[in-house]
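Notes follow once the structure below has been shown.
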Amino acid sequence: MAKGKGKTKGNGRSKQSPQNPPPPSQCETLEEDEIIRCGEPAADGPRCKVHQAQYRTLYAKYKAAGKVVDETKAGMEMPSKEHIAQYSNLHSTLEKARRIRKYLEAIRVEKAGRDMHQKRFFAKADDGHKIRLKVLEKQMSAAVEILDAVQARAFDLHMADDPAREWVKNFQAAPLSTNDEEFFSAINSLESETDPQRDIMKQQRVAAAATTNDDTMDADLIDIEMRAKKASLLYVFEFVTSEEATLQCMREFLGPENANIGAKSSLSYHTLCQYYRRIVMHDPVLSLKAINKRRMHVQFEVLMDKRMDFGLLLWKDSIIEAMAITRSKAGTAANVGDPKNRFKVLGGWVFNTPHSGTMSNETWGTLLETLAPIEANIENRFVRLCNTFDDLITYLSFGALGLFPPPRFCSKTDAQGRDAVAPRNHLSLCGCSVNYNFLYLGHHPLRDEAGPQGASYGLKWRNGLTYLELFEMSPMHLQMHSYPDSGQDLIYFQVVLYSDTDSKDKFECFGSGNEALPAIQTRTFEGPPASVTNLPSGRGEWEVQLSASDLLFGTKQPEPGYLTLLTRPGSSGWFFHFKKMPVKYFVILDTVPHRHHSILAKHVAWTALCTHGFGEGEYSNRKYARASDVMFQKRAEELLSWKPKGSWTATKMGD
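This is the structure we're talking about:
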């Protein structure tokens, strides 16, 4: 036989002997985790018998769902929002919502099946399959938007004869909704932060929810996946649906030895319930779903991380009501506000107006603890919660105790590492609000221009120079209660006083004769050449560049006054943009020029300590440390009296 003849074409396996049969191919299907490949041999095409049967069921189900999608779309024209707004019959509107919901459910089933078709079974996806998935995405987005509009209209019709209709509509002026994909993305992010033990518990719950065994030939994989997703979603919100689940979470977090765990759990549970009731009331779609329901099994589309944004006011009111619920024999918040302003949602009362009373120390402390950790430089957000100046001082005082970080403006240091954090904290504890940049003049262009200006051609000096001398005082902005004589203890400083209940031309200045010295003044003079470290003495008339009152009312660039900026568009980041109470503004200037702002702040804080009886006499660092420690301990005991003994300690400045 010639070389090369007699060999068969192909893969060379056609002549395997019966004693050495070819190894069976492995099933191509991935298990439920979409990572591990099935270990069974392929018996029916490229899959084992079980997975081939499941694939056929999957294929048939999503094809049937696709038929429903196409038939529904062909026989039902999606209404426009303008058309929806004209609906006047509640029953027919609910029926339209039911049909759209059925259409949307069919889209979800087909989409889930086609996704699994590719991800687990490796069935080749042709161009038509890929195009169909993109079409389903667009159809789902449009259907969700229309369904929301129809359900919102249905809720409006349901509320047509309710006395609370108008305020509920106002309450819902800013809907708090997101689309499904964003929501589940947020859910996944939240789940990723749980500890391993909680992950195991969640997996057990999700597995239990999938009552149909995934290993059987007749398993409906689309149904299993959708029920598992629902179980996962409900697990994330279980702390809202069950007080016992909340208690279990608290035990795991704090430990069973914590004596106050029951009270903490109950307060947490009711706070969350009240918060989510408000979210439900903000969204007409969720409101419609909540009608005549008492349980909290609602797919909330706003998560806890939104509390520092739109949810801050809602969270504050929720804590106030939760405290009332846990201490009420009836266990409700029905009497927290005016009965005519309340509306029942999911078995509990929601009020249409924010609670306007002064918040207690316990309420403030609980609020800040539940929001921890709080980032720096967002104090202005909390000013919205302050109904009185006492609220503002209590809030800032908790910051002085360390419940949130100090703002950036008082953390800037000088060459010796000094800053104004401690003096600002002490002033807060003494009832003074310091909320504006001490380094107000730190970037004023005149500071860079001071010194030799250039050659002088006068006759007095050969090669003489013209000098610009700058005289500046470090300023400090401070607020107190709007009392008539609240500035008398500041007579040792240069001060501008203004009450925002008065007209802008009615302000007081004192500290140097009958008025405060300017914040910045300059003069030019001629002199001989000199080094920067040994400049000649200045002379001549001073020219005011920035008066003390300009720090409040000035309109000139580059630094307009504080109150001028506060009234301009885009000032929402300013501390007092959202304030609700009258205050008296104090602009305090140092009496020693060119001194760092932290020194001024410490001397003002010393004056406040002496005024409250914690110190006396001339300032010294040691006296200041002792006085501030006594004051700090006293105020901490007042602010934290609601906490169990031994649960907090005070750091002493003297140490």
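Numbers 1 to 655, taken from the UniProt record's numbering, label the letters of the sequence shown in order. We treat Cβ as the ideally placed atom computed from N, Cα and C, and that holds for glycine.
Item to check | Validate contact between the stretch 344 to 359 and the stretch 626 to 639 using beta carbons, cut 8 Å, 3 pairs | outcome: no
Checklist entry - Between His612 and the rest of its own chain, which residues show a CB-CB distance below 6 Å, the 5 nearest in sequence each way excluded? => result Same-chain partners within the cutoff: Cys430.
Checklist entry - Looking at C-beta atoms only, is the number of pairs between the stretch 606 to 625 and the stretch 635 to 649 that lie closer than 8 Å three or more? => result no
Item to check | Cβ-Cβ separation, Phe409 to Leu368 (assumed contact under 8 Å), whole Å | outcome: No, Leu368 and Phe409 are not in contact; Cβ-Cβ is about 20 Å, not under 8 Å.
Checklist entry - So, helix, strand or coil for Ile588, using DSSP? => result strand
Item to check | heavy atom of the ligand HEM below 7 Å from Ala608 C-beta | outcome: Absence of the ligand HEM from the depicted structure is noted, as is the absence of any ligand whatsoever, leaving it without description.
Checklist entry - So Glu110 and Val69 are in contact, right, with Cβ under 8 Å, and what is the actual spacing, rounded? => result 6 Å
Next on the checklist: Which same chain residues end up closer than 6 Å to Arg418 when comparing Cβ atoms and leaving out the 5 residues on each side of it in sequence?
Outcome noted: Ser598
Checklist entry - When the Cα atoms are used, what is the spatial distance from Gly399 to Ser411? => result Taken atom to atom, the span from the alpha-carbon of Gly399 to that of Ser411 is near 14 Å.
Next on the checklist: Would the stretch 314 to 324 count as touching the stretch 268 to 280 if we require 3 or more Cβ pairs under 8 Å?
Outcome noted: yes
Item to check | Where Val206 sits in the DSSP three-state scheme | outcome: Low confidence applies here, because Val206 scores a pLDDT of 43, under 50, leaving its location unreliable; read the following figure in that light. Note: Val206 maps to helix in three-state DSSP.
Item to check | For Glu508, the first and last residue of its enclosing beta strand (DSSP E) | outcome: Glu508 to Phe510
Item to check | Delimiting residues of the alpha helix (DSSP H) encompassing Glu95 | outcome: Leu90 to Lys119
Item to check | Selected residue, minimal CA-CA separation from residue 679, among Glu32, His51, Cys27 and Ile36 | outcome: Missing from the structure shown is residue 679; the chain here goes from 1 to 655 and no further.
Checklist entry - Got a sec, what are the start and stop residues for the alpha helix (DSSP H) Glu369 sits in? => result Glu369 -> alpha helix (DSSP H) spans Asn361 to Leu371.
Checklist entry - Where does Pro423 sit, in a helix, a strand or coil, going by DSSP? => result helix
Next on the checklist: Rounding to the nearest angstrom, what Cα-Cα distance links Arg120 and Gly75 in this structure?
Outcome noted: 34 Å
Item to check | Residues bridged to Gln494 [DSSP beta-bridge criterion] | outcome: Leu589
Item to check | Cut-off 6 Å between Cβ atoms - residues of its own chain near Thr564, not counting five sequence neighbours on either side | outcome: Thr555
Checklist entry - So does the stretch 97 to 115 actually touch the stretch 46 to 57, counting three or more Cβ pairs closer than 8 Å? => result Contact between the stretch 97 to 115 and the stretch 46 to 57 is absent: fewer than three C-beta pairs spanning the two stretches fall below 8 Å.
Checklist entry - Looking at the structure shown, is Asp550 part of a helix, part of a strand, or coil, going by DSSP? => result helix
Item to check | Of the listed residues Asp550, Ala64, Arg101 and Lys61, nearest to Met78 (C-alpha basis) | outcome: Arg101
Checklist entry - Should Lys340 go down as buried or exposed, given a rule of 16 or more other Cβ atoms within 10 Å for buried? => result exposed
Next on the checklist: Could you check whether the Cβ of Pro644 sits closer than 8 Å to any Cβ belonging to chain D?
Outcome noted: Protein chains in the displayed structure number just one, and chain D is not present.
Item to check | Candidates Leu396, Pro582 and Gln416: closest to Asn425 by CA position | outcome: Leu396
Next on the checklist: Given a cut-off of 8 Å on the beta-carbon distance, is the pair Val150 and Lys73 in contact?
Outcome noted: no
Item to check | Candidates Phe382, Phe578 and Leu546: closest to Gln557 by CA position | outcome: Leu546
Checklist entry - The beta strand (DSSP E) spanning Gly527 covers which residue range? => result Ile520 to Gly527
Checklist entry - Are the beta-carbon atoms belonging to residue 676 and Thr358 less than 8 Å from one another? => result The structure shown has nothing for residue 676, since the chain only spans 1 to 655.
Checklist entry - Rounded to the nearest angstrom, how far is the Cβ of Phe586 from that of Leu497, given a contact under 8 Å? => result 6 Å
Next on the checklist: Tell me the DSSP secondary structure of Gly431 in three-state form.
Outcome noted: coil
Checklist entry - Just to confirm, are Thr522 and Glu559 a CB contact at a threshold of 8 Å? => result no
Checklist entry - How many whole angstroms separate the CB atoms of Val421 and Phe576, which I take to be in contact at a CB cut-off of 8 Å? => result Not a contact, Cβ separation roughly 21 Å.
Next on the checklist: Quick check on the burial criterion: 16 or more other C-beta atoms within 10 angstroms. Buried or exposed for residue 688?
Outcome noted: Because residue 688 is not part of the residues shown, which for the chain are 1 to 655, the question remains open.
Next on the checklist: Buried or exposed for His91, going by 16 or more other Cβ atoms inside 10 Å?
Outcome noted: exposed
Item to check | Simplified DSSP assignment, three categories, for Trp542 | outcome: The answer is coil: DSSP assigns Trp542 none of H, G, I, E or B.
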